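Have a look at the structure below before the remarks.
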Amino acid sequence: MDLNFILEKLKSYCAYQERCTKDIIEKLHSLNVPPQLYEEILNYLKEYDFVNDERFLHSYIHGKVNLKRWGPQKIIWQLQKKGFSKSDIQTFLNEINRETLKVNALNLAQQKLNNKKLSYENKGKIYRYLYNKGYYPEMIYEIIGELENITRT
């Protein structure tokens, strides 16, 4: 396979959405590119700013919080699978306002509750749902407390 052909393929791949180094390595593997070319290709893509791990982290975290409404725990799990260190992830997670996370969690909980009574069973369902979305237990208990206050009035 021609190096220019591979680079063009990867440029298109990177232009479609933000990619990290691990995504590129997986793509190179799927294209059956010899491993000895990986470093040269990655250096080229980084030099011309097709791949930028910091930009990827920022974009990924903001997208998952604002669009998917994931909690911090799930974001950390997913980014660690992509090879990022917890400290790098935490740097970008600190940019996210805690209030935004809380509003997202409350909206998700209200959607899950869907005008049903806040029974013990439904509290458990909401807890599991928010936990699977990546919210920390302390915040989940806070949200359930707010739901109790909302349903009382």
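If you're matching positions, the sequence shown starts at 20 in my numbering and goes up one per residue. Even for Gly, the Cβ is constructed at its ideal location relative to N, Cα and C. Since the model is a prediction, treat every value here as computed from it, not as a measurement.
Cβ distance (whole Å) where C33 is taken to contact V84 below 8 Å: By 1-based counting over the sequence shown, the position of residue 33 is 14. By 1-based counting over the sequence shown, the position of residue 84 is 65. No, C33 and V84 are not in contact; Cβ-Cβ is about 23 Å, not under 8 Å.
Does the stretch 43-55 come close enough to the stretch 108-123 to have 3 or more Cβ pairs within less than 8 Å? no
Within the stretch 76-120, ranges of the alpha helix (DSSP H) (whole runs, at least 4 residues): 91-100 and 105-112
What residue does the alpha helix (DSSP H) around N151 start on, and which one ends it? For this step, residue 151 is matched to residue 132 along the sequence shown. Y139 to N151 is the extent of the alpha helix (DSSP H) around N151.
Residues near L64 in its chain [Cβ-Cβ closer than 7 Å; skip 5 each side]: On the sequence shown, position 45 is the one that residue 64 refers to. Taken in chain order, the residues that qualify are L29, C33, I43 and V70.
What does the Cβ neighbour count give for N123, buried or exposed, with the cut at 16 atoms within 10 Å? Position 104 of the sequence shown, counted from the start, is the residue given in the question as residue 123. By the neighbour-count rule (16 or more Cβ atoms within 10 Å), N123 is buried.
Identify which residue in N62, K152 and K144 has its Cα closest to the Cα of I163. Here residue 163 refers to the residue found at position 144 when the sequence shown is read from its first residue. Of the candidates N62, K152 and K144, the one whose C-alpha sits nearest the C-alpha of I163 is K144.
Would you kindly check if the distance between the Cβ of L98 and the Cβ of I60 is under 9 Å? Working through the sequence shown from its first residue, we reach residue 60 at position 41. Working through the sequence shown from its first residue, we reach residue 98 at position 79. No, Cβ-Cβ distance for I60 and L98 is not below 9 Å.
Would you mind working out which of N168, L120, E167 and K142 sits nearest G153, comparing C-alpha positions? The residue labelled residue 153 in the question sits at position 134 within the sequence shown. Measuring from the Cα of G153, the nearest candidate turns out to be L120.
Between the C-alpha atoms of L166 and F111, what's the straight-line distance to the nearest angstrom? Here residue 166 corresponds to residue number 147 of the sequence shown, with the count starting at 1. Here residue 111 corresponds to residue number 92 of the sequence shown, with the count starting at 1. Distance between the alpha carbons of L166 and F111: 29 Å.
6 Å CB neighbourhood of N151 in its chain, flanking five on each side removed: Position 132 of the sequence shown, counted from the start, is the residue given in the question as residue 151. Same-chain partners within the cutoff: there are none.
Our contact map puts R74 next to E37 with C-beta atoms below 8 Å; I'd like the distance itself, whole angstroms only. Working through the sequence shown from its first residue, we reach residue 74 at position 55. Working through the sequence shown from its first residue, we reach residue 37 at position 18. About 6 Å; that satisfies the 8 Å criterion.
Consult DSSP for Q129 and reduce its assignment to one of helix, strand or coil. By one-based count along the sequence shown, residue 129 stands at place 110. Note: Q129 maps to helix in three-state DSSP.
Grouping DSSP H, G and I as helix and E and B as strand, with all else coil, what is Y24? Within the sequence shown, numbered from 1, the residue matching residue 24 stands at position 5. One detail in the question is off: residue 24 reads as Phe in this sequence, not Tyr. F24 falls in the helix class under three-state DSSP.
For Y160, which option in G82, L125 and I25 has the closest C-alpha, if you only look at C-alpha atoms? For the purposes of this step, residue 160 is taken as the residue at position 141 of the sequence shown. Out of G82, L125 and I25, L125 has the C-alpha closest to the C-alpha of Y160.
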